[in-house]
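FYI, in my numbering the residues of the sequence shown are 1 to 85.
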Amino acid sequence: MKYIFLIITIAIQFSLIVSLQLLDGFEIIIGIFIACLLVGALLYFLKSEKLSHFKSLGFGLFYGSLISLVSTIGFMIWLSYNFPI
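Rendered as structure tokens:
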């Protein structure tokens, strides 16, 4: 279940960036990813074992946002080297 949340998080974040054309405002992208990272960390690192669905959702949000953040930063670095202003 947690890997489904991971895939859904990555797909939603990338479609959000592309549909809202946020690649010009890099600070907005970082803000969205950090907010999702914080919410995911809060849900994933809870000590309660009764809330396994929240832990799965937290895993998906945390690691999905981390993967999206790293890949977006890598893409922006690639763009800056291959297409300088």
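C-beta: ideal position from N, C-alpha, C; glycine also.
Exclusion of the five residues before and after Phe45 leaves Gly58 as the residues of its chain whose Cβ lies within less than 8 angstroms of its Cβ.
Secondary structure note for Gln13: its alpha helix (DSSP H) is the uninterrupted segment 2-20.
Under the criterion of beta carbons closer than 8 angstroms, Ser56 and Lys2 qualify as touching, at roughly 4 angstroms. At the C-beta level, Phe26 and Ala41 stay beyond 8 angstroms of one another. The Cβ atoms of Phe14 and Ser68 sit closer than 8 angstroms to each other. In this structure, Ile10 lies near Gly64, with their beta-carbon atoms less than 8 angstroms apart.
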